[in-house]
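A short worksheet on the structure shown next.
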Amino acid sequence: MKSVVAVDLGASSGRVMLGCLNEQKVTLEEYHRFKNDQVLRNGYSCWDLELILGEIKIGIDKVIKSGVKVCSLGIDTWGVDFVFLDANGNELGDYVSYRDNRTEGMLEKIMSDSGLSKEEIYFESGIQFLSFNTIFQLKAISEQKPQWFGDIDKLLFIPDYLNYKLSGVKHCEYTNASTSQLLKCQDKTWSPKLLEACGAKPAWFLTPELPSQLIGNYDHKGTVIPVCSVASHDTASAVAATPLQSKNTAFLSSGTWSLVGIESDVAFADEAAYEANLTNEGGVEGRYRVLKNIMGLWLIQRFKAENPSLEFSDIIQLASMAEPFKFIVDPNDGSFLNPKSMTQAIRNWLIERNMPAPETAAEIIRCIYDSLVLAYDDALHKISTASKVQIDELRIVGGGVQDKFLNQLCADVCQISVSAEPQEASAFGNVVNQFIALGDIKNIDEARRIINFSSNVNYFKTSEVEGLADIKSKYQKII
Ligand code: LFR
Numbered sequence: 001m002k003s004v005v006a007v008d009l010g011a012s013s014g015r016v017m018l019g020c021l022n023e024q025k026v027t028l029e030e031y032h033r034f035k036n037d038q039v040l041r042n043g044y045s046c047w048d049l050e051l052i053l054g055e056i057k058i059g060i061d062k063v064i065k066s067g068v069k070v071c072s073l074g075i076d077t078w079g080v081d082f083v084f085l086d087a088n089g090n091e092l093g094d095y096v097s098y099r100d101n102r103t104e105g106m107l108e109k110i111m112s113d114s115g116l117s118k119e120e121i122y123f124e125s126g127i128q129f130l131s132f133n134t135i136f137q138l139k140a141i142s143e144q145k146p147q148w149f150g151d152i153d154k155l156l157f158i159p160d161y162l163n164y165k166l167s168g169v170k171h172c173e174y175t176n177a178s179t180s181q182l183l184k185c186q187d188k189t190w191s192p193k194l195l196e197a198c199g200a201k202p203a204w205f206l207t208p209e210l211p212s213q214l215i216g217n218y219d220h221k222g223t224v225i226p227v228c229s230v231a232s233h234d235t236a237s238a239v240a241a242t243p244l245q246s247k248n249t250a251f252l253s254s255g256t257w258s259l260v261g262i263e264s265d266v267a268f269a270d271e272a273a274y275e276a277n278l279t280n281e282g283g284v285e286g287r288y289r290v291l292k293n294i295m296g297l298w299l300i301q302r303f304k305a306e307n308p309s310l311e312f313s314d315i316i317q318l319a320s321m322a323e324p325f326k327f328i329v330d331p332n333d334g335s336f337l338n339p340k341s342m343t344q345a346i347r348n349w350l351i352e353r354n355m356p357a358p359e360t361a362a363e364i365i366r367c368i369y370d371s372l373v374l375a376y377d378d379a380l381h382k383i384s385t386a387s388k389v390q391i392d393e394l395r396i397v398g399g400g401v402q403d404k405f406l407n408q409l410c411a412d413v414c415q416i417s418v419s420a421e422p423q424e425a426s427a428f429g430n431v432v433n434q435f436i437a438l439g440d441i442k443n444i445d446e447a448r449r450i451i452n453f454s455s456n457v458n459y460f461k462t463s464e465v466e467g468l469a470d471i472k473s474k475y476q477k478i479i
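Note that the sequence shown covers residues 1 to 479 in UniProt numbering.
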């Protein structure tokens with residue numbers, strides 16, 4: 001048996017897990033879990049990276065103290081965010097989170113200053129327009145904090161930065177770099193025209209490299225652990241761990257975000273893909289993750305934070321009690337990205353459009369669930385139409401796997417057969433990427449077979465929803 005450490009950082013919590021490969025089975029054991037809350041620094045919503053680094057080391061300590069021999073460690077996190085380093089390798093500026101609103105209006109600013117059209121940005125990058133992409137964050141800094149720009153030597157994305165803090169090695173991993181909207185989609189290299197458009201300098205960027213590589217060593221109180229660059233975008237790791245049955249199986253990585261898509265050897269960045277705002281994020285083995293972001297369980301998480309007495313089981317029970325499809329919002333509206341109150345944001349969204357708004361907790365929760373599954377259905381159609389790939393099955397992975405109510409609703413509304421597992425997809429992806437780097441697993445296809453074999457898969461068959469066509473056309477009218 002061989003063991004590796006996977007550090008999986010999400011927007012609300014971080015975990016240090018031990019991944020073990022034994023014959024044809026891979027298992028995970030959680031050693032340490034910690035909260036990852038955004039903190040307000042100098043007026044910005046930021047990540048507390050010092051705290052995160054300290055927690056990662058505590059987790060590694062727990063693993064080592066248990067006596068396990070660790071062959072390597074790997075880190076995956078959310079995308080788009082980064083840290084600047086000066087020529088001495090010291091941090092510059094704040095670790096601002098993508099949920100900060102500093103990027104508002106930056107697409108328009110880039111277009112007017114650079115002369116690039118929205119289409120040109122899309123055709124070059126193949127990346128969906130999300131207000132917080134790195135390209136818009138860099139433009140915001142060049143507008144609002146040009147003094148941060150003066151001393152920059154390197155830009156490292158967060159997992160690369162954490163690897164650097166552990167190993168001293170500066171590296172750039174491709175899957176996370178692809179979320180920046182600064183790479184040329186086809187070549188997988190930095191786009192000079194997109195860098196220029198946001199005011200960035202080519203010298204700040206290292207060459208993006210495919211994952212599953214040992215890049216350095218972390219010396220933990222005398223125990224030396226090789227550091228592996230895994231598919232460091234958490235969604236790339238989650239997709240790597242998704243046992244896709246065929247090219248016609250779509251994935252839904254269900255967590256704080258819901259990422260709906262297909263895996264493909266080729267990118268789709270033409271007119272149809274632009275219209276659908278499809279993204280072609282980088283995947284393992286140089287593949288593409290052709291997907292769309294949906295605001296996801298963040299809506300439920302924020303609602304729950306406002307109602308701390310509610311457990312997840314209460315939330316599901318309330319959802320099943322409320323009248324279905326009575327209130328529907330566009331869950332991807334920017335007003336849900338970081339509102340002070342999710343309840344108020346949902347109500348306001350409807351009131352501003354002269355529609356009746358939910359009153360009770362059950363109605364709010366039901367509104368979130370219904371809106372999310374309608375967004376899944378819409379995304380599946382758009383992806384299928386733009387890529388011409390027929391989608392006949394959906395595999396759900398990630399924390400949302402536990403939410404059987406949502407998974408069943410998804411099967412019913414999307415009228416697609418659903419299978420679900422693994423729950424810890426990002427951590428599994430992280431682990432198998434390391435075993436590939438160590439030479440113990442041949443490739444991703446083999447890794448997915450092992451993960452499927454190691455999982456207790458749940459299946460959700462479709463059932464009929466009364467008036468489904470009308471419900472879907474109502475959704476199309478409001479988005
Ligand atoms: C999920 C995720 C999404 C990305 C968003 C912001 O955790 O990584 O894939 O769009 O966070 O980085």
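The beta carbon of each residue, even a glycine, is placed where N, CA and C say it ideally should be.
Rounded Cβ spacing between residue i and residue j (contact assumed at less than 8 Å)
{"i": "Gln-181", "j": "Thr-134", "result": "6 Å"}
{"i": "Asp-370", "j": "Phe-325", "result": "5 Å"}
{"i": "Pro-211", "j": "Val-284", "result": "6 Å"}
{"i": "Leu-291", "j": "Gly-334", "result": "Not confirmed; about 19 Å, so no contact."}
{"i": "Asp-403", "j": "Thr-462", "result": "Incorrect: roughly 17 Å between the Cβ atoms, too far for contact."}
{"i": "Ser-232", "j": "Asp-160", "result": "7 Å"}
Reference residue i, options the options, closest by Cα
{"i": "Tyr-218", "options": "Asp-151, Lys-35, Ala-447 and Leu-166", "result": "Leu-166"}
{"i": "Ser-419", "options": "Asp-94, Leu-73, Ser-12 and Asn-452", "result": "Asn-452"}
{"i": "Pro-192", "options": "Glu-311, Ser-125, Ile-225 and Glu-466", "result": "Ser-125"}
{"i": "Asp-153", "options": "Lys-201, Leu-49, Gln-186 and Ile-110", "result": "Lys-201"}
{"i": "Ala-250", "options": "Thr-77, Gln-38 and Tyr-376", "result": "Tyr-376"}
{"i": "Lys-35", "options": "Lys-69, Gln-415, Arg-15 and Gly-429", "result": "Arg-15"}
{"i": "Gly-216", "options": "Ala-361, Leu-73, Ile-328 and Asn-280", "result": "Leu-73"}
{"i": "Ile-383", "options": "Gln-434, Asn-407 and Phe-268", "result": "Phe-268"}
{"i": "Asn-354", "options": "Leu-374, Gly-255 and Val-329", "result": "Val-329"}
{"i": "Gln-301", "options": "Glu-323, Val-290, Gly-59 and Asn-338", "result": "Asn-338"}
{"i": "Lys-184", "options": "Arg-366, Ala-241 and Glu-281", "result": "Glu-281"}
{"i": "Val-227", "options": "Asp-333, Leu-206, Leu-438 and Ser-463", "result": "Leu-438"}
{"i": "Asp-61", "options": "Tyr-31, Trp-78, Phe-149 and Asn-42", "result": "Tyr-31"}
Residue range of the alpha helix (DSSP H) that includes residue i
{"i": "Thr-207", "result": "Unbroken run through Thr-207: none, as it is neither H nor E."}
{"i": "Phe-34", "result": "Segment 25 to 35 is the beta strand (DSSP E) holding Phe-34; no alpha helix (DSSP H) there."}
{"i": "Tyr-95", "result": "From DSSP, Tyr-95 is part of no alpha helix (DSSP H); its letter is neither H nor E."}
{"i": "Arg-449", "result": "444 to 454"}
{"i": "Ser-237", "result": "234 to 240"}
{"i": "Thr-41", "result": "A quick correction: the sequence has Arg, not Thr, at residue 41. Where Arg-41 is concerned, there is no enclosing alpha helix (DSSP H), although the beta strand (DSSP E) it sits in stretches over 39 to 41."}
Close-in-space but distant-in-sequence residues of the same chain around residue i (CB under 8 Å, 5 per side omitted)
{"i": "Thr-385", "result": "Ala-272 and Ala-276"}
{"i": "Glu-440", "result": "Just to set this straight, residue 440 is Asp in the shown sequence, not Glu. Excluding residues within five positions, the ones whose Cβ falls inside 8 Å are Lys-2 and Leu-21."}
Contact test: residue i Cβ vs the ligand LFR heavy atom, cutoff 7 Å
{"i": "Asp-100", "result": "no"}
{"i": "Leu-73", "result": "no"}
{"i": "Asn-36", "result": "no"}
{"i": "Val-401", "result": "no"}
{"i": "residue 486", "result": "An answer regarding residue 486 cannot be provided, because it is not within the stretch 1 to 479 covered by the chain."}
{"i": "Asn-458", "result": "no"}
{"i": "Gly-10", "result": "yes"}
{"i": "Gly-222", "result": "no"}
{"i": "Asn-293", "result": "yes"}
{"i": "Leu-259", "result": "yes"}
{"i": "His-32", "result": "no"}
{"i": "Trp-78", "result": "yes"}
{"i": "Thr-256", "result": "yes"}
{"i": "Asp-48", "result": "no"}
{"i": "Asp-234", "result": "yes"}
{"i": "Thr-207", "result": "no"}
Beta-carbon proximity list for residue i, same chain, < 6 Å, skipping 5 on both sides
{"i": "Met-106", "result": "Phe-136, Lys-139 and Ala-140"}
{"i": "Tyr-122", "result": "Tyr-274"}
{"i": "Thr-27", "result": "Cys-20"}
{"i": "Asp-81", "result": "Tyr-98 and Ile-158"}
{"i": "Ser-229", "result": "His-171, Glu-173, Pro-211, Gln-213 and Ile-215"}
{"i": "Ile-225", "result": "Val-70, Leu-73 and Tyr-218"}
{"i": "Ser-426", "result": "Asp-8, Asp-76, Asp-234, Ser-237 and Ala-238"}
Extent of the continuous beta strand (DSSP E) run through residue i
{"i": "Cys-46", "result": "44 to 46"}
{"i": "Tyr-75", "result": "Looking at the sequence itself, residue 75 is Ile, so the reference to Tyr does not match. Run containing Ile-75: 70 to 76, per the beta strand (DSSP E) assignment."}
{"i": "Met-17", "result": "13 to 22"}
{"i": "Asn-217", "result": "213 to 220"}
{"i": "Ala-420", "result": "417 to 420"}
{"i": "Ser-258", "result": "258 to 264"}
{"i": "Arg-347", "result": "No beta strand (DSSP E) holds Arg-347; the alpha helix (DSSP H) holding it covers 342 to 352."}
{"i": "Asn-277", "result": "Asn-277 -> no beta strand (DSSP E), and no H or E assigned at all."}
{"i": "Asn-90", "result": "Careful: Asn-90 lies outside any beta strand (DSSP E) and carries neither H nor E."}
Same chain, Cβ closer than 7 Å to residue i, neighbours up to 5 away in sequence not counted
{"i": "Tyr-95", "result": "Cys-46, Trp-47, Leu-49 and Val-83"}
{"i": "Asp-100", "result": "Tyr-44 and Ser-45"}
{"i": "Asp-151", "result": "Asp-86 and Leu-92"}
{"i": "Asn-430", "result": "Ala-6, Asp-8, Gly-74, Asp-76, Val-230 and Ser-237"}
{"i": "Ser-253", "result": "Thr-235, Ala-238, Val-239, Leu-259, Val-397, Gly-398 and Ala-425"}
{"i": "Trp-190", "result": "Leu-182, Leu-183, Pro-202 and Phe-205"}
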